[in-house]
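Input: a single structure, listed below in structure tokens.
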Amino acid sequence: PPMSGDFNIEGDGIDATLFDQCQNGLSELGKKLGGLKCERKGNDYVLACDDTRSTLVEQVVIADIQVHMCQDKPCSEYCNATQNKRCVREKCVCKHGFVPENDICVDACRPNICKNGGTCQPHSEVQFMCICPSKFRGLFCEEENKELHSAKLNIVIVGVVLSALLLMCFVVSASIISRMKKKNNLLAHDAKDGERRRELHGYDGPYSANSSASKHRDHTSL
Numbered sequence: 001p002p003m004s005g006d007f008n009i010e011g012d013g014i015d016a017t018l019f020d021q022c023q024n025g026l027s028e029l030g031k032k033l034g035g036l037k038c039e040r041k042g043n044d045y046v047l048a049c050d051d052t053r054s055t056l057v058e059q060v061v062i063a064d065i066q067v068h069m070c071q072d073k074p075c076s077e078y079c080n081a082t083q084n085k086r087c088v089r090e091k092c093v094c095k096h097g098f099v100p101e102n103d104i105c106v107d108a109c110r111p112n113i114c115k116n117g118g119t120c121q122p123h124s125e126v127q128f129m130c131i132c133p134s135k136f137r138g139l140f141c142e143e144e145n146k147e148l149h150s151a152k153l154n155i156v157i158v159g160v161v162l163s164a165l166l167l168m169c170f171v172v173s174a175s176i177i178s179r180m181k182k183k184n185n186l187l188a189h190d191a192k193d194g195e196r197r198r199e200l201h202g203y204d205g206p207y208s209a210n211s212s213a214s215k216h217r218d219h220t221s222l
């Protein structure tokens, strides 16, 4: 029979410690052989069928280990919906929002596996998804959202540039308006001065009393 362990000789006595081969690799081998369970019977080991999922067809001995040949039962006979499981193509899998853990299906969002303040939510296609804060991204919100930081920086730069342009436009517009007001005031002042001179000196046109044309006209009429 397959036996192994540590032997310690002290005086006239021998202490022997046997290894549990199920914990020493046989259990993992049984899983790879179609979900066989490792069982210890005395000094012997058996890779047996999982009675809940399969039935024994025959058994063989390999390296002094009994290995069962099993036939799967219909999925509906053992896949229990009350255990958050369901059948998909004759395979028993966890329902959406649940993940396998030690042959049972547990809530994928308990505990919350999302990082950096993310919120875990069950999902109909990928079991669960993390709703991340705007500063983070990734499956578990584990990555910093550098694109958002870059976008915010660009917005700040654009805002500063636009503010500077608006300020320049305001200054230029104010300067133009000020110049136009000064020009209009100057023109209005000149116009008032002209009217005032005409009022003080009387009519100063081509036929005024002091003009040569007026004197010639009067002489001709005589």
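Using full-length UniProt numbering, the letters of the sequence shown correspond one by one to residues 1 to 222.
Glycine included, C-beta positions come from ideal geometry on N, C-alpha and C.
All values reported here derive from a predicted model rather than from experimental measurement.
Which partner residues does residue i have in the DSSP bridge list?
| i | result |
| --- | --- |
| methionine 129 | Gln121 |
| phenylalanine 98 | Asp107 |
| cysteine 87 | Cys92 |
| cysteine 38 | Leu47 |
Using the Cα positions of residue i and residue j, report the straight-line distance between them to the nearest angstrom.
| i | j | result |
| --- | --- | --- |
| histidine 68 | cysteine 120 | 42 Å |
| asparagine 184 | leucine 167 | 26 Å |
| threonine 52 | glycine 35 | 11 Å |
| asparagine 145 | leucine 165 | 31 Å |
| cysteine 141 | proline 133 | 8 Å |
| aspartate 20 | proline 100 | 26 Å |
| valine 60 | alanine 48 | 11 Å |
| asparagine 102 | valine 160 | 58 Å |
| aspartate 44 | isoleucine 62 | 12 Å |
| phenylalanine 136 | phenylalanine 128 | 17 Å |
| glycine 118 | lysine 85 | 27 Å |
| proline 1 | glutamine 23 | With a pLDDT of only 44 at proline 1, under the threshold of 50, the placement of this residue in the model should not be trusted, and no figure is reported. |
| valine 70 | glycine 42 | A small correction: the amino acid at residue 70 is cysteine; valine does not occupy that position in the sequence shown. For cysteine 70 and glycine 42, the distance between alpha carbons rounds to 23 Å. |
| cysteine 94 | threonine 55 | 23 Å |
| cysteine 109 | asparagine 116 | 15 Å |
| valine 106 | phenylalanine 98 | 5 Å |
| proline 111 | isoleucine 104 | 16 Å |
| serine 27 | cysteine 79 | 22 Å |
| leucine 29 | aspartate 64 | 15 Å |
| aspartate 50 | isoleucine 113 | 32 Å |
| leucine 33 | glycine 138 | 36 Å |
| alanine 188 | phenylalanine 170 | 27 Å |
| glutamine 66 | glutamate 125 | 41 Å |
Where does residue i fall in DSSP's three states?
| i | result |
| --- | --- |
| alanine 188 | helix |
| serine 54 | strand |
| alanine 63 | coil |
| phenylalanine 170 | helix |
| leucine 47 | strand |
| glutamine 71 | strand |
| cysteine 114 | coil |
| residue 237 | What the structure shows of the chain is the stretch from 1 to 222, and residue 237 is not part of that stretch, so it cannot be assessed. |
| cysteine 22 | helix |
| glutamate 142 | coil |
| leucine 165 | helix |
| aspartate 29 | Sequence check: residue 29 is leucine here, not aspartate. Three-state DSSP puts leucine 29 in a helix. |
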